[in-house]
Each structure stands twice: as structure tokens, then as C-alpha cells.
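This report refers to the structure that appears directly beneath it.
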Amino acid sequence: MGRVPEAGAVPPTGGPEPEGRRRRSPDWVVVGLPVLATLLGILVGALGLVLRIIGVVVLCRSRHWDWNQKWVGVAVTAFLPTVTALGYNFGVSASAVPTYVPRLLTGLMLVMVVVGAGWLWRVRQVRERA
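My numbering applies: residue 105 is where the sequence shown begins, and numbers increase by one.
Shown next as C-alpha cells:
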């Protein structure tokens, strides 16, 4: 039979984590993923979309921000750039658009994501591992 630990005993280091505690992503991953998704989305659209979805999930599961901050982060780093891209791709005809508009909108989306990621970094709550 296995050894039964005493009440209040700390598990040995390097052992399995206690039930109910899962490892979370570090805060720099949560902040950097939307920026990476936008940059790769400019080059490879499908990869950017997948990384953007992963970024939203990781942000929503993070312990570094409260509920309201997570919603603002999702809106600024994922929702608004996606709506901007969809509005341009499906809302205007290509013949009526000057040649600088696609680059301007791409720059605007990149600025939105970088500003949103910077805001998330500034308002994060550093929590010690318990």
C-alpha cells in the first residue's frame, strides 16, 4: 500500500500539482500572442486567425486580469481588428478604394493590437504562485 501523507503536508517539489490547480500561461505570452497573431495574419491569414483564437482563450483563462480587463483586452486586441478587416474585405468594392487604404487599415489594426497589448501589460496584476 502507498504511503498516506499527513494532513497539511506539502507535496515534494517536482511532484504533481495538487488537484484543482492547473498551470497557467505567463503574462508575457498572453500579451505577446495577439501581436504575433496580427503580424503573422498579415503574411498568412489562416495562421493569424488560429493564433488570435488561441490568444483570446489564453487571455480569458489568465489570472493576471480581472473580468472587465479581459473583456476590454479581447475587444481591442481581437474583436476590433477582426471587424475592421471584415468590414474592408466584404464592405467595399476594390475599384472604388484608393491604393493606400489597405495599408492604412493594416497599420491601424496593428496599432490597435499593440496599444491593447501595451494596456494589458500595464494593468496586469502580478500574483505570486501559491
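Note that beta-carbon positions come from the ideal geometry of N, C-alpha and C, so glycine has one too.
- VAL148 carries a coil assignment under DSSP once its states are collapsed to helix, strand and coil.
- Straight through space, the alpha carbons of ASN172 and ARG156 are spaced by roughly 19 Å.
- Between the segment 164-183 and the segment 197-215 there are fewer than three inter-stretch CB-CB distances shorter than 8 Å, so the stretches are not counted as touching.
- Where PHE194 is concerned, the enclosing alpha helix (DSSP H) starts and stops at 184-195.
- Per DSSP, the unbroken alpha helix (DSSP H) holding THR210 starts and ends at 205-227.
- Nearest in C-alpha terms to THR142, of all of GLY191, TRP132, PRO185, is PRO185.
- Assigned with DSSP and collapsed to three states, SER199 falls in helix.
- In the three-state reduction of the DSSP assignment, VAL139 falls in the helix class, which pools H, G and I.
- Between TYR204 and TRP225, the alpha-carbon positions lie close to 31 Å from each other.
- The alpha-carbon of VAL176 is positioned some 16 Å away from that of ASP131.
- Around the beta carbon of LEU212, fewer than 16 other beta carbons sit within 10 angstroms, so the residue counts as exposed.
- When DSSP states are grouped into helix, strand and coil, ARG128 belongs to the coil group.
- Taking the CA atoms as reference points, GLY222 sits about 24 Å from VAL148.
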